[in-house]
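Novice: Numbering (the numbering used here), first residue to last: 15 to 226.
Quick reminder that beta carbons are idealized off the backbone N, C-alpha and C, glycines included.
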């Protein structure tokens, strides 16, 4: 197939025409974690453990301290890890190898994330009682009970499945917003876009509807 000004044929051997074989390292070594990053990941681990214990009805379930030691530690630890991970990066687009990562290439992380999010929506819509949805005037239990103190202050009522969903969704927007702000801190457009999404989700999509 002949080449034209608008068409490039891919029927060629890269090595034969002079590109050479790609340089691939024989061994790969994981980058050592800094003390700060280890501390932030420890916060995430403790927060996740506390969340599991409280969901099972254990110590501090349904209290402000329990909320802080579960979802609070998870959010702060993850945000801190993102900040530490990207604070030393230089300006420019850094997407090398992104389509070979576990999340983008249907690896283990992608399967875990996909199944987890799908399961959460299935439980919210069809089996909310598994999450601890209040029934017949009784208080919330399980995972929903974790956010009950916040729900009573903001709405005046016990927490229910949609309040839990709002907390989780808004928290994810804010935490990953930190990642975006740090990763693209040299790009004004991305900074404004991320800040506006986080602001409108927090204030207009979550805080005001629950307060009013």
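Excluding the 5 residues preceding and the 5 following residue 13 in the sequence, name in chain order all residues of the same chain whose CB lies nearer than 8 Å to its CB.
Specialist: The structure shown does not extend to residue 13, since the chain spans only 15 to 226, so no value can be given for it.
Novice: Kindly indicate which three-state DSSP category residue 17 falls into: helix, strand or coil?
Specialist: Residue placement at residue 17 cannot be trusted, given a pLDDT of 49 that sits under 50; what the coordinates show is reported in the next sentence. Correct three-state label for residue 17: coil.
Novice: What is the residue span of the alpha helix (DSSP H) that residue 65 lies within?
Specialist: Note, residue 65: alpha helix (DSSP H), 49 to 69.
Novice: What would DSSP say about residue 201, mapped onto helix, strand or coil?
Specialist: Correct three-state label for residue 201: coil.
Novice: Using only the alpha-carbon positions, how far apart do residue 88 and residue 223 sit?
Specialist: Answer to the nearest angstrom: the Cα atoms are 24 Å apart.
Novice: Enumerate in chain order the residues of its own chain whose CB-to-CB distance from residue 193 is below 6 Å, with the five nearest sequence positions on each side excluded.
Specialist: Cβ within range, chain order: 96.
Novice: Note down the Cα distance separating residue 4 from residue 83, rounded to an integer number of angstroms.
Specialist: This structure cannot speak to residue 4, because the chain is shown only from 15 to 226.
Novice: Is the segment 44 to 64 touching the segment 127 to 134 in the sense that three or more CB pairs, one from each, lie closer than 8 Å?
Specialist: Taking 8 Å as the limit for Cβ pairs, the verdict is that the segment 44 to 64 does not touch the segment 127 to 134.
Novice: Given this structure, state the Cα-to-Cα distance separating residue 163 from residue 202, to the nearest angstrom.
Specialist: Between residue 163 and residue 202, the C-alpha separation is close to 38 Å.
Novice: According to the neighbour-count rule (16 or more other Cβ atoms, all chains shown, within 10 Å of its Cβ), is residue 113 buried or exposed?
Specialist: Counting Cβ neighbours within 10 Å, residue 113 comes out exposed, since fewer than 16 surround it.
Novice: Is residue 159 buried or exposed, if buried means 16 or more other CB atoms sit within 10 Å of its CB?
Specialist: Looking at its Cβ environment, which holds 16 or more other Cβ atoms inside 10 Å, residue 159 is buried.
Novice: Out of curiosity, what's the CA-to-CA distance linking residue 147 and residue 110?
Specialist: If I take the Cα positions, the gap works out to 44 Å.
Novice: Under the rule that 16 or more other beta-carbon atoms within 10 Å means buried, what is residue 15, buried or exposed?
Specialist: With a pLDDT of 49 at residue 15, under the threshold of 50, the predicted position of this residue should be treated as unreliable, though the coordinate-derived value follows. So residue 15 counts as exposed.
Novice: Leaving aside the five residues before and after residue 225 along the sequence, list all residues of the same chain whose C-beta is less than 7 Å from its C-beta, in chain order.
Specialist: Only 168 meet the Cβ criterion.
Novice: According to the neighbour-count rule (16 or more other Cβ atoms, all chains shown, within 10 Å of its Cβ), is residue 7 buried or exposed?
Specialist: This structure cannot settle anything about residue 7, because the visible part of the chain is limited to 15 through 226.
Novice: Considering residue 138, what are the terminal residues of the alpha helix (DSSP H) in which it resides?
Specialist: Counting along the chain, the alpha helix (DSSP H) containing residue 138 begins and ends at 122 to 140.
Novice: From residue 218 to residue 119, what does the alpha carbon distance come to, in whole angstroms?
Specialist: So the alpha carbons of these two residues sit roughly 35 Å apart.
Novice: How far does the alpha helix (DSSP H) with residue 223 in it reach, from first residue to last?
Specialist: Note, residue 223: alpha helix (DSSP H), 222 to 225.
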